[in-house]
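S.K.: Residue numbers (this note's numbering), protein chains in the order written: chain W, 1 to 110; chain V, 111 to 220. Backbone N, C-alpha and C fix where the C-beta goes; we use that ideal spot for every residue, glycine too.
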């Protein structure tokens with residue numbers, strides 16, 4: 001069974017731009033979660049989608065948003081990028097609780 | 111909220127045994143996870159404890175004491191490839207999503 005895939009793997013954007021990241025979960029997994037990982041803050045939860053609905057949300061500003069499609073694929077959008085948004089963005093899918101992570105998207109904001 | 115504490119860094123010798131501790135404060139505890147993350151890679155699931163006691167899986171074992179808010183990950187017969195960050199994550203209340211600690215960076219030297 002294929003694992004979680006994320007695209008793109010690397011991205012460089014400038015301040016003020018917006019970005020969309022994509023995640024395809026493991027087949028059969030309906031829960032998709034997004035995390036931001038930085039050296040200073042560790043792994044921080046952004047939001048979780050289940051059956052196209054946002055089920056849980058972390059403490060991030062409204063510039064961070066997401067959605068899930070009927071095939072469970074998910075996208076995350078960050079608008080008005082700031083330098084502090086530079087991070088590794090990880091997507092994880094789950095069937096019964098344990099999170100299976102994708103390889104991540106490394107976003108650099110200049 | 112939750113408070114999860116792990117040591118920032120540990121070092122050990124190849125072939126030895128190392129114990130990585132994790133303490134947490136939470137209400138409505140509903141499971142504890144351990145993940146391994148190599149530099150530049152995504153976290154991978156190691157273990158899940160929801161009841162007190164020791165769960166053994168090959169060279170890795172995880173222990174949980176719910177009354178003490180304490181868990182440890184035990185790595186035996188250390189290998190150089192075990193050098194990685196080890197993340198403790200706690201799920202609580204009605205949330206399906208675990209909260210991650212900052213991780214413990216383990217360095218295994220010859």
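Would you please state the rounded distance, in angstroms, between the beta carbons of residue 180 of chain V and residue 133 of chain V? I believe it to be under 8 Å.
M.R.: 5 Å
S.K.: Reducing DSSP to helix, strand and coil, say where residue 115 of chain V ends up.
M.R.: strand
S.K.: Check whether the Cβ of residue 152 of chain V lies closer than 8 Å to any Cβ atom in chain W.
M.R.: Yes, contact with chain W.
S.K.: What residue does the beta strand (DSSP E) around residue 219 of chain V start on, and which one ends it?
M.R.: 214 to 219
S.K.: Measuring alpha carbon to alpha carbon, tell me which of V/194, V/219 and V/168 ends up nearest residue 130 of chain V.
M.R.: It is V/194.
S.K.: Anything in chain W within Cβ reach of residue 209 of chain V, meaning under 8 Å, just list it in chain order.
M.R.: The contact set of residue 209 of chain V on chain W, defined by CB atoms closer than 8 Å, consists of 45 in chain order.
S.K.: Measure the C-alpha to C-alpha separation of residue 171 of chain V and residue 206 of chain V and round it to an integer number of angstroms.
M.R.: 24 Å
S.K.: Tell me which same chain residues have a C-beta within less than 8 Å of the C-beta of residue 124 of chain V, skipping the five on either side of it?
M.R.: 188, 189, 190, 218, 219 and 220
S.K.: Since residue 7 of chain W sits in a beta bridge, which residues does DSSP pair it with?
M.R.: W/22
S.K.: Grab me the residues of residue 147 of chain V's own chain with a C-beta within less than 8 Å of its C-beta, minus the 5 sequence neighbours each way, in chain order.
M.R.: 153, 154, 194, 195, 196, 197 and 213
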